[in-house]
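Q: Residue numbers (our numbering): 1 to 82.
For each residue, glycine too, the CB sits at the ideal point set by N, CA and C.
Predicted, not measured: the structure shown is a model, and the values here were computed from it.
Submitted below is the structure of interest, expressed as structure tokens.
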């Protein structure tokens with residue numbers, strides 16, 4: 001694997017492991033209701049930003065597409081050499 005492949009693999013793993021913006025919203029909402037800490041409010045507003053949600057979903061979709069692509073390539077290779 002070259003450096004670009006390793007970097008891409010690390011990025012996709014990170015995308016898959018992190019929680020979604022929707023999960024961030026759900027976790028922060030009760031905290032804000034309890035004490036409305038300014039930092040927590042700012043985090044909630046960021047997680048609620050439609051553009052942030054859109055980007056998060058797009059990154060997850062791209063990581064999933066790549067993973068499916070790699071699985072198909074492996075399957076084809078195994079099928080030909082199996």
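By Cβ distance below 7 angstroms, which residues in the same chain neighbour residue 16 in space, the five residues on each side in sequence not counted?
A: On the chain shown, position 16 is the one that residue 16 refers to. Cβ within range, chain order: 63.
Q: Take every Cβ of the segment 40 to 52, pair it with every Cβ of the segment 68 to 81, and state whether three or more of those distances are shorter than 8 angstroms.
A: As far as the Cβ criterion goes, the segment 40 to 52 does not touch the segment 68 to 81, which means the pair count is below three.
Q: Please classify residue 24: is it buried, with 16 or more other beta-carbons within 10 angstroms of its beta-carbon, or exposed?
A: Along the chain shown, one-based indexing puts residue 24 at 24. By the neighbour-count rule (16 or more Cβ atoms within 10 Å), residue 24 is buried.
Q: Which class does residue 18 belong to by DSSP, given the choice of helix, strand or coil?
A: Walking along the chain shown from the start, residue 18 turns up at place 18. Coil.
Q: Using the three-state DSSP reduction, which class does residue 27 fall into: helix, strand or coil?
A: Locating residue 27 in the chain shown gives position 27, counting from the first residue. Reduced to three states, the DSSP call for residue 27 is helix.
Q: Evaluate the contact criterion for the segment 53 to 60 versus the segment 6 to 20: three or more CB pairs, one atom per stretch, below 8 angstroms.
A: Taking 8 angstroms as the limit for Cβ pairs, the verdict is that the segment 6 to 20 does touch the segment 53 to 60.
Q: Out of curiosity, what's the CA-to-CA distance linking residue 78 and residue 5?
A: The sequence position of residue 78 within the chain shown is 78, counting from 1. The sequence position of residue 5 within the chain shown is 5, counting from 1. Residue 78 and residue 5: Cα-Cα distance of roughly 21 angstroms.
Q: Quick check on DSSP: helix, strand or coil for residue 37?
A: Walking along the chain shown from the start, residue 37 turns up at place 37. Three-state result, residue 37: coil.
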